[in-house]
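Q: Here it is: the structure, laid out below.
In my numbering, the protein residues as written are 13 to 268.
Shown next as structure tokens:
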């Protein structure tokens with residue numbers, strides 16, 4: 013087993029642990045707090061992140077962690093895990109099953125693996141650098157649709173585009189697309205990687221939202237950039253696509 017295969021196996025163990033915790037709390041009484049950025053956190057978010065941090069510290073004490081809820085390690089580390097303990101907390105706290113734990117591993121600035129695990133949907137996706145993107149034993153490939161008029165486009169919320177003054181560009185994309193659906197958060201990226209949709213657009217993001225989707229999309233043959241066309245998972249905003257439609261979407265998003 014190669015080093016990357018060993019790290020993937022460990023990452024999948026982290027996902028198993030996260031699934032157990034998130035499902036234990038799902039659709040039960042939750043302690044919900046609003047954070048300064050007006051997003052929400054529950055005791056399940058904290059419990060998942062705490063468990064994963066402890067497991068990483070025991071197995072790989074030299075690795076860093078960048079995660080959403082607790083204080084991140086600010087020391088320079090060649091290797092770090094990037095974690096969103098529960099992506100789509102809004103869905104989770106309302107009892108909607110479309111939530112997932114996102115786990116990625118970055119080494120020397122290169123994303124090496126990504127895992128998105130959605131236990132209430134009985135779904136999991138993973139990718140390794142050079143090893144392809146997978147859902148179970150099924151290898152993923154983006155679609156070959158090259159005309160926006162034939163494309164299915166996903167997004168999180170039009171309200172978010174209003175907040176960043178990108179609603180006109182967003183509307184221009186949606187107006188031309190064949191079909192649009194508000195499948196936000198991790199699921200939109202997974203659907204693009206699976207080839208069941210052509211693009212996912214989000215205007216407000218953090219690194220832990222994008223690290224795992226980035227490698228999943230790229231290993232499935234797609235592309236993920238910010239609204240300026242720069243490949244990044246630093247946060248801010250993102251367009252994910254099958255690659256064939258990417259420039260057309262950016263042009264409409266920024267031209268209106």
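Don't be surprised by glycine CBs; every beta carbon is placed ideally from N, CA and C. These figures come from a predicted structure and were not determined experimentally.
Can you look up residue 142 in the DSSP assignment and give me helix, strand or coil?
A: Along the chain shown, one-based indexing puts residue 142 at 130. Three-state DSSP puts residue 142 in coil, outside helix and strand.
Q: Considering just the uninterrupted stretch of the alpha helix (DSSP H) at residue 117, what are its terminal residues?
A: Position 105 of the chain shown, counted from the start, is the residue given in the question as residue 117. Where residue 117 is concerned, there is no enclosing alpha helix (DSSP H), although the beta strand (DSSP E) it sits in stretches over 112-119.
Q: Go ahead and label residue 77 buried or exposed: buried means 16 or more other beta carbons lie within 10 angstroms of its beta carbon, across all protein chains shown.
A: Locating residue 77 in the chain shown gives position 65, counting from the first residue. Classification for residue 77: buried.
Q: Give the C-beta separation of residue 198 and residue 120 to the nearest angstrom, bearing in mind that I take them to be a contact with Cβ-Cβ under 8 Å.
A: Taking the chain shown and counting its residues from 1, one reaches residue 198 at position 186. Taking the chain shown and counting its residues from 1, one reaches residue 120 at position 108. The pair is not a contact, with the Cβ atoms about 25 Å apart (cut-off 8 Å).
Q: Would residue 135 and residue 228 qualify as a contact pair, given that the criterion is a beta-carbon distance under 8 Å?
A: By one-based count along the chain shown, residue 135 stands at place 123. By one-based count along the chain shown, residue 228 stands at place 216. Cβ distance not < 8 Å, so residue 135 and residue 228 don't count as in contact.
Q: Where residue 39 and residue 56 are concerned, what is the direct C-alpha to C-alpha distance, given to the nearest angstrom?
A: Residue 39 sits at position 27 when you count from the first residue of the chain shown. Residue 56 sits at position 44 when you count from the first residue of the chain shown. Whole-angstrom Cα-Cα distance: 11 Å.
Q: What are the uninterrupted segments assigned as alpha helix (DSSP H) that are 4 or more residues long and contained completely in the region 182-233, given in chain order?
A: If we require 4 residues or more, the alpha helix (DSSP H) runs fully inside the region 182-233 come out as 197-206 and 219-231.
Q: Anyone know if the C-beta pair for residue 192 and residue 165 falls short of 8 Å?
A: Numbered from 1 along the chain shown, position 180 holds the residue referred to as residue 192. Numbered from 1 along the chain shown, position 153 holds the residue referred to as residue 165. In this structure, residue 165 lies closer than 8 Å to residue 192 by Cβ.
Q: Buried or exposed: residue 70, going by 16 or more other Cβ atoms within 10 Å of its Cβ?
A: As a first step, residue 70 is located in the chain shown; it is residue number 58 there, counting from the start. Its Cβ having fewer than 16 others within 10 Å, residue 70 is exposed.
Q: I believe residue 117 touches residue 226 by the beta-carbon criterion, under 8 Å. Please report the beta-carbon distance rounded to the nearest angstrom.
A: Working through the chain shown from its first residue, we reach residue 117 at position 105. Working through the chain shown from its first residue, we reach residue 226 at position 214. Not quite, the Cβ-Cβ distance comes to about 12 Å (not below 8 Å), so this is no contact.
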